[in-house]
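Have a look at the structure below, then the notes.
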Amino acid sequence: MTAPLLELRDVKTHFPVRKGLLFDRQVGLVKAVDGVTLEVPAGEILGVVGESGCGKSTLARTILQLVKPSEGQILYNGRDVTALKREQLRRFRPRLQMIFQDPYSSLNPRMTVLDAIAEPMLAHGLARRGEVRQRVEALMEQVGLSPKHLYKYPHEFSGGQRQRLAIARALGLEPELLIADEPVSALDVSVQAQILNLLTRLCRERNLTLIFIAHDLGVVRYLADRIAVMYLGHIVELGEGERIFTNPLHPYTRALLSAIPVPDPEKEHARRRILLGGEPPSPMNPPRGCAFHPRCPHATAACAGEVPPLDEHRESHRAACIRVEDLPPFTPGV
Amino acid sequence: MPLLEVANLSTHFHTRRGVVRAVDGIGYTLGEGETLGIVGESGSGKSVSVYSLLGLIQCPPGRIASGSAVFQGRDLLEMGEKDKRRVRGKAISIIFQDPMTALNPYMKIGRQLVEPLRLHLDLDRRAARRRALESLASVGIQDGERCMEAYPHQFSGGMRQRVMIAMALSTRPALLIADEPTTALDVTVQAQILELIKALQQEIGMAMLLITHDLGVIANTCERVAVMYAGRIMESAAVSSLFHEPRHPYTRALMASLPAAQPKGSALYTIPGMPPDLAGDLPACPFAPRCEFAVERCRTEPMTLKPVAPNHETACLRVQEEGL
Amino acid sequence: MRDSIFNRLRIDTFVTLLTDGDTGIPDVTAQSSLWRDAWRRLARNRAAVTGLGILCVLGIVALATPWIAPHGYDDQDILMGATPPSGEHWFGTDQLGRDLFTRVLYGGRISLMVGLAATAVSLVVGVLYGTIAGFSGGRVDSAMMRIVDILYALPFTIFVIILMVFVGRNIVLLFVAIGAVEWLTMARIVRGQVMSLRQKEFIEACYVLGLRRRRIILRHLIPNALGPIIVYTTLTIPNVMLLEAFLSFLGLGVQAPMSSWGVLINEGVETMEEYPWLLIFPSIALSVTLFALNFLGDGLRDALDPRVSED
């Protein structure tokens, strides 16, 4: 088996909470990502789902080295990127690119499309000054924008078009891995579909590896080869896409699946819904043991003991729950 | 007599680029205790159509160009500011997408809850406080005393939305307007809030206008639904009829582009083109330029909602005639 | 000598701040389209163009004053004393019989020089300091901003007197003293702007795209913080001109018989009832300059924001 393109080994990203003006002291620790181990083979589309505050965005930012992990290793092609010096890291950056959630704030409002897309290519010597304009035009065509918009500013575009611009800007650096952090959640349904089509097409054409972060399970189901479900800084379930949907092992995944409203009134009224009590606890003060146990309908006293390991319970299907074998069989919501 | 009857409502915004017809001649009725969903993409006018009823459209640039909205026998659009304010606080309540914008960050929850009660229901301080605690309990906040002493920022998004609902329902309104009440929330919390709203609606027996872009939420909560596009209602039907037999090409396209509806790997259905610029001249049917079934007459003949099946009205000319 | 300081300071500032012409930075497209577009938009703004025109005329007049002034600024005619405006003395004369028109011209040289130079100092120092503090964040930021707080707390007069004791009377001191005070507010404004911009996704995107920090600061952070910077700059210039008058009153700065608008206005106020023209003409000169500056400032701010619609 070849080495995975990206490998995370027990990555933890903790943020100290400080108080005080000049002589501040640490008053707490937000454990945004708390021990994530993950392998992403080249060419895969991995979906990461979870609710707000589960650490999925921090995980993306940690992989991209926008925040330094407090512990653990991030191996890219077998090389630990957390050890890179600033200039080394800068030169490494083109390989890993990101699409941000909010197309309205991910582009500099005072830069024309041409400048915005050309700037990173020129900064990394991937295009010469004389040919950059042509390259930008070609990129715009690839993402479905007319090159006649070259001298426009971001505010002159709709949300979907801006997301295309952001994709074009990332593609200009010819990345191997693309991380998309909720790239369609700010868009309307019909525009969402266009962007998702574009992303899947580009992944196929360029053999890109994609980590797709979302809170919308429908989107992830459509797109992802494998899915990781996160809760409070941990991956609680990891497996092939359809397996997660047809036979979720972790009680949290089950609750999450049953909570999505289905656009079909009969199914919607007929299905049994697992209503969770309360809300996710604060990552500053996570519960002991399994982070989900205070809300879990199947929790026992043992769940408060140790953090459950992400074990392989079924073939290529892992879950971090000690009670997987004791749970009732999952009846799909409908 | 229906609780609310909106007819021929048009709201225009006068901007430098021209007149934007955000809402262009829409009408619907809402019976006592009924739930109507208004679904549409951003810019379809779904929020403006409802804010117009309450006088929440800033004027200028906004102006209600025509129409009537008869609520409990009185036209909301003809009412004076003072009457409108009274109706707004008491008989009609509203909850917004982002509770943080609707709550005053510098005021304790308690005071924000109690004051409208004293104002609109003429309760004395103690009675108002008791009522506020009751309504907090009804939205699942048991620890009401402590909650009333807290400031909005001390709560999570879901809790804030609960507080907003408690506030909106404390006057026992006849009509609740919910503008994307769960869009900012996580799915598990969204499920809680939707259940809560439905339960309280049953209990109080109020009607609800639910504005959302999420067809799933509509299917979960509503009895009837109106689909808006470019300021018009394209289709209006009972929920089951709309979801099982969407007639209008726009409704169909909208449903077809949901990712969950499609097998993995296939290209998602997309609607060609982009939503129209409402400041420009639109064809008679604003969806015609993007519609695969459009014929020349779609651009010229005026658009009207006509019944095509029991409990099902559509504005599509071609569906009305031959049923695509 | 004064003129050379005036020119050098002004040119340096405009070069570093307006054209991003630092030679170490590779310029993406031959010329930044933001500035080119801004210039195009500015040219279409009538008020801004008028303001720019007035300022240019004032600048030329200030440079040419020694040749065009009808009298010497210290030519006295005590016997004549204060006379109202006439064909010989357009703005009238003061109590010592000096031609007010000439004195306003010479005063304008000082006022404009002080206004531009001291503002330029505050602009450069304040923007750099504020950007570095806001960009670094954390403890560097806390320490830098505490220094600003401490300097804020120093009483200005005492500060000036201490400076006088150590350096003596000197026109350069004027800039140092005024610049040293005015940059503080600028630094705070810029730091606040940078702090909020730093949270924006497009700055995060710059890191992901592997841009150098210097480039992020110069091409992404500062251009987006320009609005408030420009507004505050146009507010600083009149402030500085009035501060100069105060310093001159203390005996620092302009020495009689040389004068400045601020000094002329101060003197004019004292004799407002007997000789109103001594107040009116210098005030008009100052007001016209400030109006022009404000028009230009507003125009620049709008021109630099592509989101402001062009019609």
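Protein chains in written order, with the numbering used here: chain W, 112 to 445; chain Z, 189 to 512; chain P, 13 to 323.
Built from N, CA and C at the ideal position, the CB exists for glycine as well.
Just so we're clear, the structure is a prediction, and the values are computed from it rather than from any experiment.
Considering only their Cβ atoms, is the gap separating residue j from residue i smaller than 8 Å?
| i | j | result |
| --- | --- | --- |
| residue 256(W) | residue 349(W) | no |
| residue 286(W) | residue 206(W) | yes |
| residue 367(W) | residue 328(W) | yes |
| residue 280(W) | residue 228(W) | yes |
| residue 211(Z) | residue 237(Z) | yes |
| residue 221(Z) | residue 419(Z) | no |
| residue 254(Z) | residue 367(Z) | no |
| residue 408(W) | residue 142(W) | no |
| residue 428(W) | residue 360(W) | yes |
| residue 118(W) | residue 150(W) | yes |
| residue 250(W) | residue 270(W) | no |
| residue 231(W) | residue 164(W) | no |
| residue 123(W) | residue 198(W) | no |
| residue 447(Z) | residue 304(W) | yes |
| residue 259(P) | residue 186(P) | yes |
| residue 279(Z) | residue 361(Z) | yes |
Give the C-beta separation of residue i and residue j to the nearest angstrom, bearing in mind that I take them to be a contact with Cβ-Cβ under 8 Å.
| i | j | result |
| --- | --- | --- |
| residue 269(P) | residue 86(P) | 4 Å |
| residue 203(P) | residue 142(P) | 4 Å |
| residue 458(Z) | residue 308(W) | 6 Å |
| residue 293(Z) | residue 239(Z) | Not really, about 22 Å apart at Cβ, beyond 8 Å. |
| residue 436(Z) | residue 502(Z) | 5 Å |
| residue 376(Z) | residue 430(W) | Incorrect: roughly 18 Å between the Cβ atoms, too far for contact. |
By Cβ distance, which residues of its chain are closer than 8 Å to residue i, with the 5 residues on each side in sequence left out?
| i | result |
| --- | --- |
| residue 329(Z) | 335, 347, 350, 351, 354 |
| residue 84(P) | 114 |
| residue 286(Z) | 372 |
| residue 488(W) | Nothing about residue 488(W) can be reported from this structure: the residues present for chain W run from 112 to 445 only. |
| residue 335(W) | 156, 157, 158, 323, 352 |
Short of 6 Å in beta carbon distance, which residues of its chain neighbour residue i, apart from the five on each side in sequence? Order them along the chain.
| i | result |
| --- | --- |
| residue 312(P) | 242 |
| residue 192(W) | 185 |
| residue 385(Z) | none |
| residue 42(P) | Residue placement at residue 42(P) is poorly supported in this model, since its pLDDT is 39, which falls under 50; the coordinates still yield a value, given next. Closer than 6 Å at Cβ, skipping near neighbours: no residue. |
| residue 156(P) | 145 |
| residue 257(Z) | 194, 241, 264, 265 |
| residue 216(Z) | 194, 414 |
| residue 279(P) | none |
Within the continuous beta strand (DSSP E) that includes residue i, where are the two ends?
| i | result |
| --- | --- |
| residue 422(Z) | 420-426 |
| residue 364(Z) | 363-367 |
| residue 225(Z) | 223-227 |
| residue 148(W) | 136-151 |
| residue 277(Z) | It is not in any beta strand (DSSP E) - residue 277(Z) instead sits in the alpha helix (DSSP H) that spans 269-278. |
Grab the span of the alpha helix (DSSP H) containing residue i for me, first residue to last.
| i | result |
| --- | --- |
| residue 209(W) | Looking at the DSSP string, residue 209(W) is not in any alpha helix (DSSP H); the run it does join, the beta strand (DSSP E), is 207-210. |
| residue 234(Z) | 234-241 |
| residue 118(P) | 112-148 |
| residue 515(Z) | Only positions 189 to 512 of chain Z appear in this structure, which leaves residue 515(Z) out of reach. |
| residue 228(P) | It is not in any alpha helix (DSSP H) - residue 228(P) carries neither H nor E in the DSSP assignment. |
| residue 381(Z) | 375-392 |
| residue 334(W) | 328-334 |
| residue 369(W) | 362-370 |
Using a Cβ-Cβ cut-off of 8 Å, state whether residue i counts as contacting chain B.
| i | result |
| --- | --- |
| residue 264(W) | Protein chains W, Z and P are contained in the structure displayed, whereas chain B is not. |
Once the 5 residues before and after residue i are set aside, which same chain residues still bring their CB inside 7 Å of it?
| i | result |
| --- | --- |
| residue 16(P) | Confidence at residue 16(P) is low in this model, with a pLDDT of 40, below 50, so its placement is unreliable and the value that follows should be read with caution. Contacts found: none. |
| residue 417(Z) | 228, 232, 438, 474, 475 |
| residue 193(P) | 168 |
Going by the C-beta, is residue i closer than 7 Å to any heavy atom of the ligand SAM?
| i | result |
| --- | --- |
| residue 436(Z) | Annotation note on the ligand SAM: not contained in the displayed structure, which lists no ligands. |
*When the Cβ atoms of the region 220-227 of chain W are set against those of the region 300-318 of chain P, are three or more pairs found closer than 8 Å?*
yes
*Cβ contact check for the region 399-416 of chain Z and the region 371-383 of chain W: 3 or more pairs under 8 Å*: yes
*Validate contact between the region 389-402 of chain W and the region 427-444 of chain Z using beta carbons, cut 8 Å, 3 pairs*: no
*Taking three-plus beta-carbon pairs below 8 Å as touching, is the region 153-169 of chain W in contact with the region 198-214 of chain P?*
no
*Check whether the region 246-260 of chain P touches the region 225-243 of chain W, counting contact only when three or more Cβ pairs, one atom from each stretch, lie closer than 8 Å.*
no
*Could you tell me whether the region 147-159 of chain P touches the region 267-281 of chain P, using the rule of 3 or more Cβ pairs below 8 Å?*
no
*Quick check: the region 493-503 of chain Z against the region 334-351 of chain W, are there 3 or more CB pairs under 8 Å?*
no
*So, do the region 49-69 of chain P and the region 304-311 of chain P have three or more beta carbon pairs nearer to each other than 8 Å?*
yes
*asked:* Three Cβ pairs or more, each shorter than 8 Å: is that satisfied between the region 203-215 of chain P and the region 162-172 of chain P?
replied: no
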